[in-house]
Amino acid sequence: MSQVIHHEDHYDAEGSKIGMWLFIFTELLLFGGLFLIYSVYRYKNPDAFHLAAQELDTTIGAINTVILLISSMTIAMSTTALQKGQKKITLLLMVTTVVLGIVFLVNKYFEWGLKFEHGIFPGSEHMKTTLSQGEILFFGLYFVMTGLHALHILIGLVLILVAYYRITNGTVHANRPSLLENAGLYWHLVDLIWIFLFPLFYLIH
Amino acid sequence: MENAKHHIVPYRTYLFILIALLLCTFISIAITNIELGELTVTGALVLASVKSFLVLTYFMHLKYDRPYIRIMVAFVFLLFIAVIVITFFDYLFR
């Protein structure tokens, strides 16, 4: 006769939520540190930052901002759908979020590609010989911060896909929504970071 | 553990917040086209702060959660601001 060990279900929605918030705090301070560096270098090189920022395309930045804002709405709506037991709508909203996130990354890919074509990338000879120190600092921060942000988008997408899978196999549902809610929290964090990245890099005039 | 069914936020609420966010975005783009010098940065940051408040309060559910989470979030933001202020005390007086 086989022995089956039954574990008591230790599901703790509030505990999971606190856990994700604590992690979000560390992420906020991580990007906060980078924003700190940005603020000092901008303070010390106002004209160079102004000049360098003109190389960035405000339209792409704005489109990406809109994309992320909409995706935040869709993932938030998915938690409502889950709680209402509307499984199909939940999944549809999650897929929409993921697609929007991928479009964002594709835009970033082209944006960076354009920079690389113009010889602007970390350590490039072109930057070192033609740009002022302040401009080089601007682009250093631009690549690191948008790059780290893009990595976080990727992580967020993976989290949402894991939640998607768990919803389809029934382990995440209206009475056990934490995975989706916390994946949503992480996604909103990614949006929050971009909300500050956008004006500080694209809207310097 | 409490079995309280937590408050289900209507779809409409999220849509309205998105509209507000989009408005703030367009305003911040518009004001950077006006020459306001120093004020442009401040304006952009103020609008970004409004947007983050909306995302935090509604999308991230803080409005509907127990207050201690809001307090912790506020603390982290204040900590960050404090670090920036103190750093600038150094740079402003070199």
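Protein sequences, first through last, are from chains A and B.
For the first sequence, position 65 matches number 564 in the numbering used here, and the numbering has no gaps at all.
For the second sequence, position 93 matches number 84 in the numbering used here, and the numbering has no gaps at all.
Every residue, glycine too, gets a C-beta built ideally from N, C-alpha and C.
Rounded separation between Ser577/A and Leu679/A - CA only:
If you number the first sequence from 1, residue 577/A lands on position 78. If you number the first sequence from 1, residue 679/A lands on position 180. CA-to-CA, the gap between Ser577/A and Leu679/A works out to about 8 angstroms.
Can a CB atom of chain B be found closer than 9 angstroms to the CB of Trp520/A?
By one-based count along the first sequence, residue 520/A stands at place 21. Chain B, which has a Cβ nearer than 9 angstroms to the Cβ of Trp520/A, makes this yes.
For His651/A, does the three-state DSSP call read helix, strand or coil?
The count along the first sequence starts at 1 and reaches residue 651/A at position 152. It is helical.
Alpha carbon to alpha carbon, how far is Leu98/B from Ser19/B?
Because chain B is modelled from -8 through 85, residue 98/B falls outside the range shown and cannot be assessed.
Less than 9 angstroms between the C-beta atoms of Ile666/A and Trp686/A, yes or no?
Position 167 of the first sequence holds residue 666/A. Position 187 of the first sequence holds residue 686/A. Remark: C-beta atoms of Ile666/A and Trp686/A do not approach each other more closely than 9 angstroms.
Distance between beta carbons of Ile703/A and Phe548/A, contact taken as under 8 angstroms
One-based indexing of the first sequence puts residue 548/A at position 49. One-based indexing of the first sequence puts residue 703/A at position 204. The Cβ separation is near 6 angstroms, so the contact holds.
Can you tell me where the alpha helix (DSSP H) with His549/A in it begins and where it stops?
As a working note, residue 549/A is residue 50 in the first sequence. Its alpha helix (DSSP H) spans residues 545 to 552.
Would you call Leu691/A buried or exposed, if buried means 16 or more other Cβ atoms sit within 10 Å of its Cβ?
Taking the first residue of the first sequence as 1, we reach residue 691/A at position 192. Under this definition Leu691/A is a buried residue.
Residues of chain A with CB closer than 9 angstroms to the CB of Lys54/B, please, in chain order.
On the second sequence, residue 54/B is found 63 positions in, with the first residue counted as 1. Correct list: empty, because the minimum Cβ distance to chain A is about 12 angstroms.
Measure from the C-beta of Leu30/B to each C-beta in chain A and report whether the shortest distance is under 9 angstroms.
Translated into positions along the second sequence, residue 30/B becomes position 39. Chain A has no Cβ within less than 9 angstroms of the Cβ of Leu30/B.
His672/A touches chain B at which residues, Cβ-Cβ below 9 angstroms?
By 1-based counting over the first sequence, the position of residue 672/A is 173. Taking a Cβ-Cβ cut-off of 9 angstroms, His672/A has no neighbours in chain B, whose nearest Cβ is about 14 angstroms from it.
Using a Cβ cut-off of 8 angstroms, pull out every chain A residue sitting near Ile20/B, in sequence order please.
The sequence position of residue 20/B within the second sequence is 29, counting from 1. Within chain A, the C-beta atoms nearer than 8 angstroms to that of Ile20/B come from Thr557, Ala561, Leu702, in chain order.
Taking Cβ to Cβ, would you say Ile559/A is nearer than 9 angstroms to Gly600/A?
As a first step, residue 559/A must be located in the first sequence, where it is residue number 60. As a first step, residue 600/A must be located in the first sequence, where it is residue number 101. With respect to the 9 angstroms criterion, Ile559/A and Gly600/A are not classified as neighbours on the basis of their beta carbons.
Counting only the same chain and skipping the five closest in sequence on each side, list residues whose C-beta sits under 8 angstroms from that of Ile574/A.
For the purposes of this step, residue 574/A is identified with residue 75 of the first sequence, where counting begins at 1. Taking Ile574/A as the centre and dropping the five residues before and after it, the same chain places the C-beta of Leu592, Met593, Thr596, Ile659, Ala682, Gly683, Trp686, His687 closer than 8 angstroms to its C-beta, in chain order.
Chain A beta carbons: is any one of them nearer than 9 angstroms to that of Pro58/B?
In the second sequence, residue 58/B corresponds to position 67, counting from 1. Not a single C-beta of chain A is nearer than 9 angstroms to the C-beta of Pro58/B.
Within 9 angstroms of any Cβ in chain A, is that where the Cβ of Ile(-1)/B sits?
To locate residue -1/B, count along the second sequence from 1; it is residue 8. Yes - at least one Cβ of chain A is within 9 angstroms of the one on Ile(-1)/B.
Kindly say whether Phe68/B, judged by its beta-carbon, lies nearer than 9 angstroms to any beta-carbon of chain A.
Taking the first residue of the second sequence as 1, we reach residue 68/B at position 77. Chain A contact via Cβ: present.
Does the pairing of the segment 10 to 19 of chain B with the segment 61 to 78 of chain B give three or more beta-carbon distances under 8 angstroms?
The segment 10 to 19 of chain B is not in contact with the segment 61 to 78 of chain B.
Stretch-stretch touch, CB-based, cutoff 8 angstroms, three pairs: the segment 610 to 629 of chain A with the segment 525 to 540 of chain A
The segment 610 to 629 of chain A is not in contact with the segment 525 to 540 of chain A.
Applying a beta-carbon distance threshold of less than 7 angstroms, which residues of chain B neighbour Gln582/A?
For the purposes of this step, residue 582/A is taken as residue 83 along the first sequence, with counting starting at 1. For Gln582/A, the chain B residues whose Cβ falls inside 7 angstroms of its Cβ are Ile(-1), in order along the chain.
The segment 668 to 700 of chain A: positions lying closer than 7 angstroms to chain B by Cβ:
Answer in chain order: Leu684, His687, Asp690, Leu691, Ile694, Phe695, Pro698.
With DSSP collapsed to three states, give me the class of His476/A.
The first residue shown for chain A is 500 and the last is 704, placing residue 476/A beyond what the model contains.
If you follow the alpha helix (DSSP H) that Met63/B is part of, which residue opens it and which one closes it?
Here residue 63/B is taken as the residue at index 72 of the second sequence, counted from 1. Here the alpha helix (DSSP H) through Met63/B covers 58 to 83.
Given 8 angstroms as the limit, tell me if Leu630/A has its C-beta closer than that to any heavy atom belonging to the ligand COA.
As far as ligands go, the structure on display features none, and thus does not contain the ligand COA.
C-beta neighbour in chain A for Ile62/B, strict 9 angstroms:
Here residue 62/B refers to the residue found at position 71 when the second sequence is read from its first residue. No, Ile62/B lies away from the interface with chain A (no Cβ there is under 9 angstroms from its Cβ).
Contacts that Ile652/A makes with chain B (C-beta to C-beta distance below 9 angstroms):
Position 153 of the first sequence holds residue 652/A. Residues of chain B passing the Cβ test: none, with the nearest at roughly 15 angstroms.
Spatially closest choice to Leu83/B from Leu604/A, Lys543/A, Phe603/A, Gly514/A, by CA coordinates
Along the second sequence, one-based indexing puts residue 83/B at 92. Considering only Leu604/A, Lys543/A, Phe603/A, Gly514/A, the residue with the shortest C-alpha distance to Leu83/B is Lys543/A.
Rounded to whole angstroms, what is the Cα-Cα separation between Gly518/A and Ala65/B?
Taking the first residue of the first sequence as 1, we reach residue 518/A at position 19. Taking the first residue of the second sequence as 1, we reach residue 65/B at position 74. Those two C-alpha atoms are separated by around 17 angstroms.
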